[in-house]
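Residue numbers (full-length UniProt numbering): 1 to 195.
Cβ coordinates follow ideal geometry from the N, Cα and C atoms, glycine included.
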Amino acid sequence: MSLFVWYFGTRRRYDGVPHHTILLGPRYKRLLTDIFDRKVLADDFSLYLHRPTATDTSLAPDGCDAFYVLSPVPHLQGGTDWSVMAEDYRLAIAGELARTVLPGLEDEIVSSRLLTPQDFQDRLSSFRGAAFGLEPILTQSAWFRPHNKSEDIQNLYLVGAGTHPGAGLPGVLSSARVLDSLVPDASHLASLVTA
């Protein structure tokens with residue numbers, strides 16, 4: 001799957017909105033079927049709203065707020081033309097946020113930036129515009145993920161959610177700990193580069 005991400009700032013604060021908010025749509029399970037199986041952009045959505053200024057007001061000018069909202073969407077294999085759909089989709093999300101947690105939102109926006117599956121592919125080289133790593137199926141999980149030390153390229157080491165042992169904060173931290181024990185002393189690597 002991929003994501004539609006809208007970063008925006010407002011000229012006012014929404015003090016009643018917490019740092020993290022999840023807004024589930026009316027048909028969550030069927031929405032997942034639309035995203036993963038049918039690969040269609042549905043008319044409804046579920047949203048994750050992030051308001052970092054709830055805990056760190058320095059992230060926006062005085063009296064203002066900073067947000068981003070994520071909407072899970074199909075990757076590019078679904079055929080959505082984001083150059084056509086992006087603004088309409090943003091407006092639909094803005095309308096839902098205004099209706100539920102951010103009253104008057106459209107009149108308060110001072111900055112806006114979008115990231116679509118097309119951006120994930122074109123700017124971030126993500127396969128089919130996917131926003132996440134390997135699909136969490138058995139043959140791409142745990143031991144079956146790429147190992148932390150490349151089996152093909154000498155002195156290439158990998159870390160993160162897409163590598164062994166897997167995704168999520170515990171997996172990423174475990175991956176970093178494993179890598180720390182695998183990478184040779186940096187001074188030794190410097191001598192290899194100059195040799």
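(message) I'd like the span of the beta strand (DSSP E) that includes Pro52, first residue to last.
(response) Looking at the DSSP string, Pro52 is not in any beta strand (DSSP E), and its letter there is neither H nor E.
(request) For the alpha helix (DSSP H) containing Pro165, list its first residue and its last residue. (result) Segment: none, Pro165 is in no alpha helix (DSSP H) and carries neither H nor E.
(request) Give me the Cβ distance between residue 200 and Ser71, rounded to the nearest whole Å; I'm assuming they're in contact under 8 angstroms. (result) Beyond the ends of the chain as shown, which are 1 and 195, falls residue 200; an answer cannot be given.
(request) Compute the Euclidean distance between the alpha carbons of Leu102 and Met1, then round it to the nearest angstrom. (result) 27 angstroms
(message) Assuming Arg51 and Val17 are in contact, meaning their beta carbons sit under 8 angstroms apart, how far apart are those beta carbons, in whole angstroms?
(response) 5 angstroms
(request) Let me know if Ala176 comes out buried or exposed under the rule of 16 or more other beta-carbons within 10 Å of its beta-carbon. (result) With fewer than 16 Cβ atoms within 10 Å of its Cβ, Ala176 is classed as exposed.
(request) Can you tell me the Cβ-Cβ gap for Tyr89 and Phe4, rounded? I've got them flagged as a contact below 8 angstroms. (result) 6 angstroms
(message) When you compare the CB positions of residue 205 and Arg128, do they come within less than 8 angstroms of one another, or not?
(response) An answer regarding residue 205 cannot be provided, because it is not within the stretch 1 to 195 covered by the chain.
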